[in-house]
Structures are given as structure tokens and as C-alpha cells.
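Chains as they are written, first to last, in this note's numbering: chain F, 233 to 315; chain U, 163 to 651.
Following this line, the structure appears as C-alpha cells:
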């Protein structure tokens with residue numbers, strides 16, 4: 233899953249840079265949603281990327297923006313789905 | 163060098179203040195000052211909020227346990243029941259002397275929420291488990307139907323109070339139920355402390371649900387000191403905004419003596435005799451009466467009213483979040499620099515964050531995750547429309563029960579047509595704004611482009627604010643006429 237991690241990190245950085253002009257580095261454990269760096273629309277952006285890139289499908293009843301709070305938590309979701 | 167920097171940090175006023183409120187005595191002193199400021203702001207039940215804050219500051223390790231009885235106490239102190247409507251309608255139902263029985267409805271409504279969660283856990287494949295929020299709305303609609311039945315006496319008081327209470331608790335229950343679907347069920351009881359918590363007794367859950375609040379909760383004395391410091395600063399900001407509202411009320415609207423100066427004058431209750439600039443409802447009524455104000459005054463009335471509403475909303479949200487932060491929940495502000503928003507969608511995100519989050523959680527994501535996956539742009543637009551359009555309208559229609567009781571369900575629905583138009587235009591505009599952002603055609607404008615974007619955003623929001631209020635005295639045609647009259651001398 234290291235490739236997925238890199239892709240997720242790169243994409244999150246792209247979203248932050250393009251949507252927020254936020255060029256600060258993103259650590260894998262850094263808070264993104266709860267810290268306010270990613271908004272709801274940015275989460276949609278990331279979610280759509282995960283759907284397209286990894287065939288990720290989220291159960292609507294299980295949705296929680298906090299699951300997108302860090303690169304680590306996003307990768308954990310992907311791992312769970314592919315397990 | 164390191165020592166020099168460390169010394170400088172130690173002596174900054176902020177560091178000194180943080181060091182003081184890191185102690186129990188310091189926290190309690192801060193709560194006393196905070197409570198005094200709340201009293202000065204004439205906030206409802208400031209003394210009770212002060213007691214709750216003193217308890218959460220003195221015993222932060224028992225914060226969650228304190229929240230539960232505090233929420234229960236506030237449910238009785240500030241009932242989510244419209245007593246004006248109840249007393250008005252009671253004689254028709256032979257219930258004038260029985261209004262105190264409303265309190266019986268409170269534990270029944272709470273019990274319904276628990277029973278609902280139990281059903282979801284017991285039957286995880288059932289329709290209510292798959293659509294928990296739709297099920298809650300269905301319960302409210304059933305209660306509304308029951309309260310419209312020809313009931314008399316205590317039965318009418320209890321059923322009607324249950325309906326009113328359920329409407330006010332609806333979105334708290336929605337967060338609570340969806341957050342306890344699969345997680346540790348033992349937390350469900352203690353999380354009821356977040357049902358209309360003592361900092362935010364409105365239909366909008368300020369601080370969303372437990373999932374968010376537990377994550378931003380202070381974990382130690384340092385976190386708590388930071389949270390309380392930020393809460394205190396936010397209350398100061400609320401005071402600044404409230405002062406502005408007071409000045410406009412006193413010197414521009416010239417509200418009569420004995421009228422609250424801290425909020426916008428209610429057009430149904432307050433008659434302004436000689437304002438420098440009329441309120442928007444006054445200007446609207448003058449036009450209806452065939453004696454319209456001049457064109458500049460029509461614009462000024464709408465513009466000032468819009469600014470006052472933004473200031474009022476910002477001040478209210480600042481007070482609520484200030485209390486939450488003082489209690490140890492370092493939540494986001496409700497309104498954050500809306501006039502710096504580069505797009506229509508971003509303005510909506512910044513102006514009323516917790517209402518927007520409610521719409522996103524219960525309307526946007528469910529639509530986005532379920533439908534139209536093959537058409538990404540349509541998918542985004544429809545999900546936005548479902549949230550900012552339909553969800554926005556539904557929230558207000560279900561919340562404003564007084565119209566339903568006074569005029570009946572179908573008449574109330576008809577009265578909401580102007581709000582439906584408002585919500586439809588708003589949802590569409592936000593949807594288009596989001597599509598433009600994603601398509602990279604509208605990003606971070608600078609210089610003249612930034613000014614132009616600001617003008618477009620303000621023009622849009624000021625213009626649609628003419629439709630915003632559902633009102634029994636004005637119709638869609640009146641709002642449309644006002645809009646047209648803004649461009650006709």
C-alpha cells in the first residue's frame with residue numbers, strides 16, 4: 233500500500249495547493265479536516281479521487297468526514313476495503 | 163540563543179495568561195469574568211451557563227458527566243416548546259389549565275430516540291437502519307399528523323409538546339443515531355449530553371455531534387487553557403459586534419425605548435417611527451402600501467438589513483462557540499471572515515458553518531454517495547442542490563412549527579413557497595460555484611478580479627436575501643416586486 237499512500241499524499245497536497253493555496257508540507261498523521269485545512273468540498277474532491285483511482289466505495293451510512301482527517305486514516309480506509 | 167527565546171516566550175502576555183488559567187483557581191476566575199460579560203450581553207440564563215462552566219472548569223476530568231445533567235436542566239430551563247402557540251391554541255382544545263403537562267412530553271421524546279436506536283441495532287437490515295435520518299423525519303411527520311387530530315385536554319398538550327420538542331431535537335438525534343450505528347454502544351447514553359447542550363439550545367447542533375466534539379475536547383490542562391483563552395476572545399468579538407448592532411438600533415433604526423437593542427427589531431412587534439434608514443421589512447411594506455421609499459433608500463434598507471443580519475448571526479455564533487470553548491470543546495467558529503470568501507460557495511461555508519455542516523452530513527453526502535456516480539459534474543450539482551436547496555428548505559419548514567399550528571400543514575407549506583424559491587436559487591448558485599471551482603476557472607482572484615468577485619458575491623447574497631423570510635404578510639410577488647424596484651427609479 234506504499235504506492236497508494238504516496239498517491240493519496242500527493243493528491244491531498246494538490247488539493248491543498250490548488251483549492252487553498254496551502255503549500256505547507258503534509259505529514260501522514262497531520263490533521264486535515266479537524267484542523268480546517270480541508271473543507272467539505274475538498275473532502276468530496278479527495279473522495280472522488282479515491283473512487284476513480286482505487287475503486288473505493290463508501291457506505292453512505294458509514295460516512296464520516298473525520299475518516300479523511302489524515303493521510304494515515306485515508307490509507308487505513310483503503311486498506312480495510314481491500315482486505 | 164535558545165535560552166533567550168525561551169525567556170521571551172515565557173514573558174509574553176499570552177503565555178502569562180495561559181499559565182494562570184492552567185490552574186483551577188485561574189480557570190474559575192476566568193469563568194467569573196466570562197459570566198459577568200454574558201450578563202452584560204443580556205444572554206438568556208447566563209447564570210446557569212456560568213454554573214455549568216464553573217463545574218466543567220473545576221472538574222474537567224468529569225466534563226462529560228457534567229454535560230448530561232446540564233443538558234437535562236437546560237431542557238427544563240429553556241424548553242424547546244413554543245408556549246406562545248400552545249397558550250394561543252389551548253382554549254380550542256380545552257387545555258388552558260393543563261399547559262404545565264408539557265414536561266411529560268420531554269422524557270417521552272427522549273425515550274423515542276432510545277427506542278429508535280434500539281430498533282436500528284436490533285434490525286440492522288431494516289429500512290430505518292439503512293435510512294436512519296429519513297426515519298427520524300418520518301417520526302416527526304407522524305407526530306405532526308397526530309397533533310392535528312381532534313385531541314382535547316392533556317392528550318393535546320402532550321402530543322403537541324412532543325411534536326414541538328421532537329422538531330427541535332431532530333438534528334441532534336440525527337447526529338446521535340448516525341454516530342452510534344456501529345460504534346461502541348455503551349457511549350450512547352453519555353453522548354446524550356450533546357443533545358441541545360448548555361452552550362447551544364437551538365435546532366442547529368453547534369459543534370455537530372459527539373464524533374467531532376470528542377475530537378476537539380481538551381485532553382489536559384494546557385489544551386483547556388488554550389480552549390478557554392480562545393473562548394474568552396470570541397466572547398469579546400461578540401461584544402464588539404453586539405455594540406455595533408446596538409449603535410445601529412439606537413441611532414439609525416431609532417428603536418423605541420424599552421425595546422431590545424441587541425437584536426434586529428422584529429417587524430411584527432416593533433414600530434419604528436422615524437428611522438434614518440428603514441429596515442427591509444419596513445421598506446417592503448411601504449412599497450406594498452403604494453408609498454415606496456426612494457431608490458437609494460430601498461438599496462440602503464436592504465444593504466443595512468443584510469449587514470445587520472450577518473452581524474447578528476456572527477455575534478450569536480460567537481457567543482455559542484465561546485461557551486463551548488470555555489467548557490473545553492475547542493470547536494471551529496460558526497462564522498469565519500465571510501467577506502473574504504472568493505466564491506459564492508465559500509461564502510456559504512463561512513457564514514453559518516454548523517448549519518452548512520448539518521446540510522452536508524445529512525443531505526449532501528447521502529445524495530453524493532448514492533446517486534449519479536457516472537456523471538461527476540451532475541452528481542456534484544444535484545448533491546449540492548439536495549443540501550443547500552432541499553435540505554435548507556426542509557430544515558426551516560420542520561423547525562418553524564408555529565406556522566403549521568396556526569395555519570395548518572398545507573397552508574404552512576404554501577407560505578413556504580418564497581423560501582423554496584430562495585433555497586432553489588441558493589442551491590443552484592452554490593452548485594454552479596462549486597463546479598466552477600473544481601473546473602479551475604475561478605480560483606483565488608487577485609487585484610481587480612478579487613474586487614469583482616467580492617461585488618458579485620455580495621450582489622447575489624443581498625439580492626436573494628429579499629426572499630429569505632417566510633412571512634404571513636408578504637408573498638413571493640412582493641419580494642419579486644422589491645427586487646425589480648431595486649433597478650427602477
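Glycine residues also receive a C-beta, built at the ideal position from the N, C-alpha and C atoms.
All figures in this text were calculated on a predicted structure; none of them were measured in a lab.
**Contact check, residue 648 of chain U vs residue 461 of chain U, beta carbons under 8 Å** = Yes. Within cutoff.
**Request:** Could you please give the first and the last residue of the uninterrupted alpha helix (DSSP H) stretch that includes residue 218 of chain U?
**Result:** Per DSSP, residue 218 of chain U is one residue of the alpha helix (DSSP H) stretching across 208 to 220.
**Item:** Chain-ordered chain U contacts of residue 253 of chain F [CB-CB under 7 Å]
**Value:** 606
**Message:** Under 8 Å, with one C-beta from each stretch per pair, do the region 172 to 189 of chain U and the region 395 to 404 of chain U reach the 3-pair mark?
**Reply:** no
**Item:** Reduced DSSP category for residue 519 of chain U - H, G, I as helix; E, B as strand; rest coil
**Value:** DSSP places residue 519 of chain U within a helical segment (H, G or I) once states are collapsed to three.
**Request:** List the endpoints of the continuous alpha helix (DSSP H) containing residue 564 of chain U.
**Result:** Where residue 564 of chain U is concerned, the enclosing alpha helix (DSSP H) stretches over 563 to 569.
**Prompt:** Hey, out of U:301, U:307, U:349, whose CA is closest to residue 331 of chain U's CA?
**Reply:** U:301
**Asked** Helix, strand or coil: how does DSSP classify residue 288 of chain F here?
**Response** coil
**Message:** Can you check which of these residues, U:485, U:487, U:439, U:449, is closest to residue 468 of chain U by C-alpha distance?
**Reply:** U:439
**Asked** Is the CB-CB distance between residue 338 of chain U and residue 318 of chain U below 8 Å?
**Response** no
**Prompt:** Quick one, which residues of the region 543 to 561 of chain U are near chain F if we go by CB-CB under 7 Å, in chain order?
**Reply:** Of all residues in the region 543 to 561 of chain U, none is placed with a Cβ closer than 7 Å to any Cβ belonging to chain F.
**Asked** Which residues bound the alpha helix (DSSP H) around residue 238 of chain F?
**Response** 234 to 252
**Message:** Contact criterion: CB-CB distance below 8 Å. Does residue 262 of chain U meet it with respect to chain F?
**Reply:** no
**Prompt:** Can you tell which of U:394, U:399, U:437 has the C-alpha that lies nearest to the C-alpha of residue 413 of chain U?
**Reply:** U:437
**Request:** Would you mind giving the Cβ-Cβ distance between residue 489 of chain U and residue 218 of chain U, rounded to the nearest angstrom? I have them listed as a contact below 8 Å.
**Result:** 5 Å
**Prompt:** Shorter than 8 Å from the beta carbon of residue 522 of chain U to some beta carbon of chain F?
**Reply:** yes
**Message:** Pairs of beta-carbons, one from the region 367 to 375 of chain U and one from the region 549 to 567 of chain U, closer than 8 Å: are there three or more?
**Reply:** no
**Prompt:** Closest Cβ-Cβ distance between residue 534 of chain U and chain F: below 8 Å?
**Reply:** It does not; no Cβ of chain F falls within 8 Å.
**Prompt:** Exposed or buried, what is residue 187 of chain U when buried is set at 16 or more other beta-carbons lying within 10 Å of its beta-carbon?
**Reply:** exposed
**Request:** Check whether the Cβ of residue 270 of chain F lies closer than 8 Å to any Cβ atom in chain U.
**Result:** no
**Asked** Could you give the distance in angstroms between the alpha-carbon of residue 466 of chain U and the alpha-carbon of residue 441 of chain U?
**Response** 8 Å
**Request:** With DSSP collapsed to three states, give me the class of residue 491 of chain U.
**Result:** strand
**Item:** Near-chain F residues of the region 369 to 384 of chain U - C-beta to any C-beta below 8 Å
**Value:** 373, 374, 377, 378
**Asked** If you count every other CB in all the chains shown that lies within 10 Å of the CB of residue 314 of chain F, and 16 or more means buried, which is it?
**Response** exposed
**Request:** Give the range of the alpha helix (DSSP H) segment to which residue 361 of chain U is assigned.
**Result:** It is not in any alpha helix (DSSP H) - residue 361 of chain U carries neither H nor E in the DSSP assignment.
**Message:** Applying the 10 Å Cβ sphere with the 16-neighbour rule, what's the burial state of residue 353 of chain U?
**Reply:** buried
**Message:** Taking the beta carbon of residue 541 of chain U as the centre, do at least 16 other beta carbons fall within 10 Å, making it buried, or is it exposed?
**Reply:** buried
**Message:** When you compare the CB of residue 298 of chain F with every CB in chain U, is at least one pair closer than 8 Å?
**Reply:** At least one chain U Cβ lies under 8 Å of residue 298 of chain F.
**Prompt:** How would you list, in chain order, the residues of chain U whose beta-carbon sits under 9 Å from the beta-carbon of residue 303 of chain F?
**Reply:** The premise fails here: residue 303 of chain F is roughly 17 Å from chain U at the closest Cβ pair, so nothing lies under 9 Å.
**Asked** Any idea what DSSP makes of residue 250 of chain U, helix, strand or coil?
**Response** In this structure, DSSP gives residue 250 of chain U a helical state, which the three-state scheme calls helix.
**Asked** Taking the continuous alpha helix (DSSP H) assigned at residue 294 of chain U, which residues delimit it?
**Response** Segment 294 to 309, the alpha helix (DSSP H) holding residue 294 of chain U.
**Message:** Just to confirm before moving on: does the CB-CB distance between residue 243 of chain U and residue 326 of chain U stay below 8 Å?
**Reply:** yes
**Asked** For residue 249 of chain U, which residues of its own chain have a beta-carbon under 7 Å away from its beta-carbon, when the five flanking residues on both sides are left out?
**Response** 261
**Message:** Against chain F, which members of the region 488 to 502 of chain U pass a CB distance test of less than 9 Å?
**Reply:** 494, 498
**Prompt:** By Cβ distance, which residues of its chain are closer than 6 Å to residue 275 of chain U, with the 5 residues on each side in sequence left out?
**Reply:** 335
**Prompt:** Quick one: what does DSSP say residue 308 of chain F is sitting in, helix, strand or coil?
**Reply:** The answer is helix: DSSP assigns residue 308 of chain F an H, G or I state.
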